[in-house]
Amino acid sequence: MRKLPRVVAHRGASAVEPEHTLAAYRRAIEFGADGLECDVRLTADGHLVCVHDRTIERTSNGQGVLSTMSLAQLESYDWGSWKRPWADLDENAGPTGADGRRVLTLETLLATVRDAGRPIELAIETKHPTRYAGRVERRLVEALDRFGWARPRPGTESPVRVMSFSWLSLRRMRTAAPGLRTVLLMDRIPLRFRDGSLPAGVSYAGPSLEIVTTQPDYVDKAQKHGHQVHVWTVNTENDVRHCRDLGVDAVISDRPDLALQVLAEDV
8 MRKLPRVVAH RGASAVEPEH TLAAYRRAIE FGADGLECDV RLTADGHLVC
58 VHDRTIERTS NGQGVLSTMS LAQLESYDWG SWKRPWADLD ENAGPTGADG
108 RRVLTLETLL ATVRDAGRPI ELAIETKHPT RYAGRVERRL VEALDRFGWA
158 RPRPGTESPV RVMSFSWLSL RRMRTAAPGL RTVLLMDRIP LRFRDGSLPA
208 GVSYAGPSLE IVTTQPDYVD KAQKHGHQVH VWTVNTENDV RHCRDLGVDA
258 VISDRPDLAL QVLAEDV
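In this note's numbering, the protein residues as written are 8 to 274.
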């Protein structure tokens, strides 16, 4: 039997909990996800926080550009009520405490992975362009160093991989922490990489679901070049089955519980 893809929770179990909150990641771990995915952005005072957008309006009750704000400012906002505005009135509606409403620092997420009680992968996406450019990667390496995950010892592997649509970001990571795995995210395949190859030093391919749907042969091409294929964002039963049948190595999903249930059909 072909090996089943690993299931990575996209921004946590973000279909059922507010994305990028500690509650979303804890729920994904409870579901049995093999890995977690997060985006990181740098605050004005140098903290990495797990937020996707450049501005904070969509996922908090604040306004403004994240990179101009301090961590203390971000912590003053509610990051969960947009998902379930009536949660306070329904004890079964979801998280009402800090885990579901407080901005999440990367440091807290790293500690959550460390303390999970079982091996958990963590895929960290650096968001670009940003006013801070290479400072993002420097801060990321510093954070991973505090957990011993930036420079794994010979014969060991860090649970962390770094993803980006920016090849420059991945190149910075390769220079600063050459032992870390990197993933080139793609919403289209550059012409020179359509044979399945990747830029020097990039470990894995990260194509969109649309790519592997319209160009299913890409998976085999990339794997023949020795690259794993991690597909985003895979949220329906049919799409999980499609990725399984193609033999992808990981699916990144807002619904890790659904993906795990579908893949369990093959066990």
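Glycine included, C-beta positions come from ideal geometry on N, C-alpha and C.
Query	Result
Span of the alpha helix (DSSP H) holding H249?	E244 to L253
Thinking C-beta only, is V169 closer than 8 Å to P12?	no
Run through DSSP, which three-state label would G42 get?	strand
Quick check on M76: does DSSP put it in helix, strand or coil?	coil
Would you give the residue range spanned by the beta strand (DSSP E) that I131 belongs to?	E128 to T133
If you draw a straight line from the alpha carbon of L43 to that of D152, how long is it in whole angstroms?	19 Å
List in chain order: all unbroken alpha helix (DSSP H) runs of 4+ residues lying wholly within the region 158-224.	174-183 and 216-221
List the DSSP bridge partners of V56.	R48 and T112
Can you give me the C-alpha to C-alpha distance between Q268 and Y32, rounded to a whole angstrom?	18 Å
Kindly indicate which residue of R179, T182, A35 and R201 has the alpha-carbon position closest to the one of T119.	A35
Can you tell which of W89, T221, D46 and Q80 has the C-alpha that lies nearest to the C-alpha of T66?	W89
Let me know the secondary structure DSSP gives V226 once reduced to three states.	helix
Where does the unbroken alpha helix (DSSP H) through R61 begin, and where does it stop?	Note, R61: premise wrong, no alpha helix (DSSP H); not H, not E.
Just how far apart, CA to CA, sit T220 and A266?	17 Å
Where does A22 sit, in a helix, a strand or coil, going by DSSP?	coil
Which residue marks the beginning of the beta strand (DSSP E) containing V241, and which one marks its end?	Looking at the DSSP string, V241 is not in any beta strand (DSSP E), and its letter there is neither H nor E.
In terms of alpha-carbon separation, which member of E128, A271 and Y225 lies closest to L205?	Y225
Between the Cα of I259 and those of A40, H27, T28 and A79, spot the shortest distance and give me the residue it belongs to.	A40
Near V71, which residues of its chain fall below 7 Å by C-beta distance, leaving aside the five closest residues on each side in sequence?	In the sequence as presented, Val is not what sits at residue 71; that position holds Gly. These residues qualify, in order along the chain: T62 and I63.
Hey, quick one: how far does the alpha helix (DSSP H) through R65 stretch, first residue to last?	Looking at the DSSP string, R65 is not in any alpha helix (DSSP H), and its letter there is neither H nor E.
In chain order, what residues of the same chain have a beta carbon less than 7 Å from the beta carbon of R248, not counting five sequence neighbours either side?	V269
Quick check on A105: does DSSP put it in helix, strand or coil?	helix
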